[in-house]
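Residue numbers (this note's numbering), protein chains in the order written: chain A, 4 to 540; chain B, 1226 to 1577. Even for Gly, the Cβ is constructed at its ideal location relative to N, Cα and C. Model, not experiment: these values are computed from the prediction.
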Amino acid sequence: MRGASQGGAPGRATRYRAEMMLDAPQSVPVTPLLSMTGLHKWFGGVHALCNARMVLEKPGVVHALMGQNGSGKSTILNVLSGQLKPDEGTIALDGQQVTFHSPPAALAHGISMVSQETALAEELSVAENVLLGRRLVRGRFGIDWGATRDRARAVLEQVGVDYDPSCPVRALRPDQKQMVEIARALSTNVRILVLDEPTSSLNEEETRSLFAVIRRLKERGVSVIYVSHRLPEIFEIADEMTVLRDGVTVAEGPKERFTARSLVEAMVGAEKEVVDRRVGTTDAETATVLEIRGLTARGALENVDLDVREGEILGLAGLVGSGRRELLEVIYGLRHFEAGTITQSGQAVQREGPRAAIKRGIGFVPADRKTEGVILPMPVRDNLTMPATYDRQRLRNPRSRKIEDAAAAISKLLSIKADLRAPVATLSGGNQQKVVLGKWLIRTPKLLLLDEPTRGVDVAAKAEIHRHLRDIAAQGITMLVSSSEYDELYQICDRILVLFRGRVVAALPREEATESRLAALAGGASEHEIRATRKAE
Amino acid sequence: MKQALSNAWSSTRPFRPVLAVVIILFALFAVWQPGFRTGLNIQNILGSVSVLFVVSMGMTFVLISGGFDLSAGAIAALCGVFLGKMIEGNIMPAAVAVVLTVLFGAVLGGAANGLFVGVFRLSVFVVTLASMTALTGVVLIWTQTMSIYITSPLILNIGVAHIAGLQAPIYIMVAVFAIFLIAQSRTYFGRDIFATGGSYTAARLSGVRTERTIIMVYAVSGACAGLAGVIAVGRVGAATPQVDAGLALQAVAAVLLGGTLLTGGSGSVVGTALGVLFIGILQNGLNLVGVESSWQYVVTGIILLISVMGSRAGGRRRGSKSSTASDCAVPTPSVALGTPSLGAPSEDTNAG
């Protein structure tokens, strides 16, 4: 089931380039079903696709598209589905060059995309959604609903499900909605179906039934482009792969050529020189700030144990849906938990909401800066002082000299480049993020929860924020950092927990946390497996 | 000093259009019709907009908090009836009755609107439409569709008396304006309103009591409607069973004219005051030059559209910085916190 190592996997990503040449079209007699070659796409100064390619040789294959966040996966898929125009490069279907100006144009060529968020009309029935955008069957008195339902039922049967066509879509579970989307794609005579992280919100059993559908589609000659970060899934369902890194296709070929380890190395690249890593270990003698035992929250976390000591930076690694975000929400009092205990500095904690958390000295830097982190139309000053003044009398004057000076001091400390009276909306992403961080520092917190602390900020601001986080930890403030960027975690954290499907699957001290190891563990490869492939070399 | 002046000037940006329109309109009518700029006429203008002015102040806070209040007219009418019943039934001394009426308005607004919008998170439109409808019914039932004539000198004086040469409603307007200006810029309550309207989630995560803030905002709006009801009773000399359903919408128009955004999070009672003034001047001026007064609605509507379009274009210029191309280059999945996203699935992605 898993990719068998063929006499030792190649260790360097660069060697895949040689393999790539073997699969070049001229060495294959038949014209490939889909060939995207020489793709370039710029967003402003960012080179999102840089001579990327992806080739599907024949109908009826499952092609895995792999790559880390920001590797260009979404860009290449958006080009394929007609949502983006490439700046350079060609797309050919059956050897015929094509250009898609819009999603309907791609759809007309049999290319259909099922994205992460379902794009269904929630209030309409299953039948209407399956046949959405097509002409419904008309009878003498307008739409013939009986015939419409029969047609939808026939399409659903092809997927192998028997949902009631008259049921509204909002009543379905997420996995059922996904099936409706796949059925909709089938109703348009799809040839290439793109599934973008289809399993991120599905449980084990639902994943099984999705795979059964994918296999049925394969038999019907439909090719599937499958995007996922979960390695075991890839090795189970995919026939061939394309690996992108920084907008370049760094490896491609049949599944048998890859092992979990070689795949991760291709995605991550050569281990980067650690230039800016945190130094100074936390003393094991310091007090435990947060202790979590057996924490279980339905659908998000299972039996999570966790200890953080004063002044420690604990990293949380994991894919979207692994539970790292939910763990922070539980600690901050935003989410219910069914079982387990949370103890902060010796005191048991219940779910009491943000104000109680703030009172206990907890600060929270959420992932979505623009809707959860800052209040865009408000001045920088008011954004900074908000948590610090949460318990003031509501009729008192917020323009007191003392609090304004505190805001100015924090702004100077974090070198926020902005007029304190200007709305936060006018600041750059990096400066906005510094505001989100700074607002918790006015009253020195005991524990700081950070979710994606540098998402969407430029490289310089990122390094600056990392430096600030290390400085803050040096003052004895404890931190939990959840991040999808592995290099960020190993640069700033003392210890890293890896979560997979709501469970803690590994706890790595700083010395042992490499980017590729984190990526493999987060993708569901077990410690045992990683060791085994390492020995085999 | 120079810095302070430039700050003061830059803070007027959202209501510069309405300021300009008010000045132009005033100049136009002053030249056209000499009777317009007499002290008496200006007092007439202010007196005639006093009810609208007080309602609009409360409405400004509601809009800044990201809401809307259709029920202000119904609350004002019901408070008028409440006042009339108390005074003419000799239940309360008039002064106490006035205070109780304002409190009654606050309780109505806070309970009928604030609770359902803030705590149960129902749609603002539905909640205030429902309370407007229901309260209109209560007014009709309670009055038996009969006007209650007021004889209390205090109440009548609130409407029409002159103190030191100025109409009494003008003093009320100035006092209400001062209170709102201070609440808006010099209290944590005011800051919480801006925060809640700017981003409900971000405000909540930063420790703002968002639910309580919303309840308070509707209570304040209700209190304003109550006070407006008192003034209206004083000016007419009776508590009438007629509910002015257009009052709330006219107040919203005045608030929007003043540069407050319907999306919440920004705005100012200063702009609203100018918006109300605009409506008053237009009404009065058209009357004086002999144009049928119904034209004021046409003109108000057009000016409202133009000013909102203008402020949106300005907003786009200033806000364009926030989404740069590099944001699209690194697509990162984001999961909505707690509440699922309510974004309607767009039709065009499905069109085959």
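Counted within 10 angstroms of its Cβ, other Cβ atoms place residue i as buried (16 or more) or exposed
i                  : result
His66 of chain A   : buried
Gly1563 of chain B : Residue placement at Gly1563 of chain B is flagged as unreliable, the pLDDT there being 33, under the threshold of 50; the coordinate-derived value follows with that caveat. Exposed, because fewer than 16 other Cβ atoms sit within 10 Å of the Cβ of Gly1563 of chain B.
Lys362 of chain A  : exposed
Arg1346 of chain B : exposed
Ala477 of chain A  : exposed
Leu159 of chain A  : buried
Val1256 of chain B : exposed
Ser1548 of chain B : For Ser1548 of chain B, the predicted structure reports a pLDDT of 36, less than 50, and the residue's modelled location is therefore unreliable. A value from the coordinates is still provided. Flag for Ser1548 of chain B reads exposed.
Gly1264 of chain B : exposed
Trp443 of chain A  : buried
Met1371 of chain B : exposed
Ala351 of chain A  : exposed
Thr262 of chain A  : buried
Thr102 of chain A  : exposed
N-terminal and C-terminal residue of the beta strand (DSSP E) that residue i is part of
i                  : result
Cys53 of chain A   : 49-59
Asn306 of chain A  : 304-312
Gly1334 of chain B : Element bounds for Gly1334 of chain B: n/a, residue is neither H nor E.
Arg384 of chain A  : Element bounds for Arg384 of chain A: not the beta strand (DSSP E) but the alpha helix (DSSP H), 383-388.
Gly1291 of chain B : Segment: none, Gly1291 of chain B is in no beta strand (DSSP E) and carries neither H nor E.
Val251 of chain A  : 251-257
Start-to-end residues for the alpha helix (DSSP H) that takes in residue i
i                  : result
Phe340 of chain A  : Neither: Phe340 of chain A is in no alpha helix (DSSP H) and is coded neither H nor E.
Glu491 of chain A  : 489-495
Leu80 of chain A   : 76-83
Gly548 of chain A  : Lying before the first or after the last residue shown, residue 548 of chain A is absent from chain A, which here runs from 4 to 540.
Leu521 of chain A  : 518-525
Phe1414 of chain B : 1413-1423
Phe1251 of chain B : 1241-1257
Val267 of chain A  : 263-271
Phe1307 of chain B : 1297-1313
Leu440 of chain A  : 432-441
Val64 of chain A   : Where Val64 of chain A is concerned, there is no enclosing alpha helix (DSSP H), given that its DSSP letter is neither H nor E.
Val462 of chain A  : 462-477
Those residues which DSSP pairs with residue i across a bridge
i                  : result
His1387 of chain B : B:Gln1392
Leu417 of chain A  : Partner(s): none; Leu417 of chain A has no beta bridge.
Ile195 of chain A  : A:Ile114, A:Ser226
His232 of chain A  : Bridge partners of His232 of chain A: none, in fact.
Lys2 of chain A    : The structure shown does not extend to residue 2 of chain A, since chain A is modelled only from 4 through 540, so no value can be given for it.
Thr93 of chain A   : A:Thr40
Val1274 of chain B : Partner(s): none; Val1274 of chain B has no beta bridge.
Ser485 of chain A  : A:Leu319, A:Asp454
Met69 of chain A   : A:Val246
Pro107 of chain A  : DSSP output for Pro107 of chain A lists no bridge partner at all.
Glu294 of chain A  : A:Asp310, A:Thr346
Phe503 of chain A  : A:Arg506
Arg404 of chain A  : The partner list for Arg404 of chain A (beta bridge, DSSP) is empty, contrary to what the question assumes.
Tyr1374 of chain B : B:Ala1463
Arg498 of chain A  : A:Leu317, A:Pro512
Gln1369 of chain B : Looking at the DSSP assignment, Gln1369 of chain B forms no beta bridge with any residue, so it has no partner.
Ala300 of chain A  : A:Leu304
Given residue i as reference, the closest of the options once Cα atoms are compared
i                  : options                                    : result
Asp1417 of chain B : A:Met389, A:Gly356, A:Thr447, A:Thr262     : A:Met389
Gly1330 of chain B : B:Ala1301, B:Ser1235, B:Leu1430, B:Gln1268 : B:Ala1301
Val183 of chain A  : A:Gly336, A:Leu416, A:Glu131               : A:Glu131
Leu134 of chain A  : A:Arg154, A:Arg143, A:Glu126               : A:Arg154
Gly479 of chain A  : A:Arg296, A:Lys449, A:Val460, A:Pro235     : A:Lys449
Val1274 of chain B : B:Phe1405, B:Leu1487, B:Gly1454            : B:Gly1454
Ala1450 of chain B : B:Val1279, B:Arg1411, B:Thr1497            : B:Val1279
Arg1462 of chain B : B:Ile1407, B:Pro1394, B:Ile1380            : The identity of residue 1462 of chain B in the sequence shown is Gly, whereas the question assumes Arg. For Gly1462 of chain B, the nearest C-alpha among the options comes from B:Ile1380.
Ala1457 of chain B : B:Leu1360, B:Tyr1374, B:Leu1253, B:Leu1250 : B:Tyr1374
Cys53 of chain A   : A:Val117, A:Val64, A:Gly41, A:Val439       : A:Gly41
Ser485 of chain A  : A:Arg338, A:Val49, A:Ala320, A:Ala410      : A:Ala320
Gln1369 of chain B : B:Val1306, B:Met1441, B:Val1246, B:Leu1482 : B:Val1306
Leu452 of chain A  : A:Met57, A:Asp461, A:Ala516, A:Val439      : A:Val439
Thr1237 of chain B : B:Gly1483, B:Trp1520, B:Leu1530, B:Ile1527 : B:Gly1483
Contact set between residue i and chain C, taken where Cβ atoms lie within less than 9 Å
i                 : result
Lys442 of chain A : The structure shown contains no chain C; its protein chains are A and B.
Self-check item: Start-end ranges of the beta strand (DSSP E) lying completely within the segment 1434-1519 of chain B, minimum 3 residues
Solution: Within the segment 1434-1519 of chain B, there are no complete beta strand (DSSP E) runs of at least 3 residues.
Quiz item: Which ranges does the alpha helix (DSSP H) cover as unbroken runs of at least 4 residues, wholly within the segment 113-195 of chain A, from first to last along the chain?
Solution: The qualifying runs are 129-133, 148-162, 177-190.
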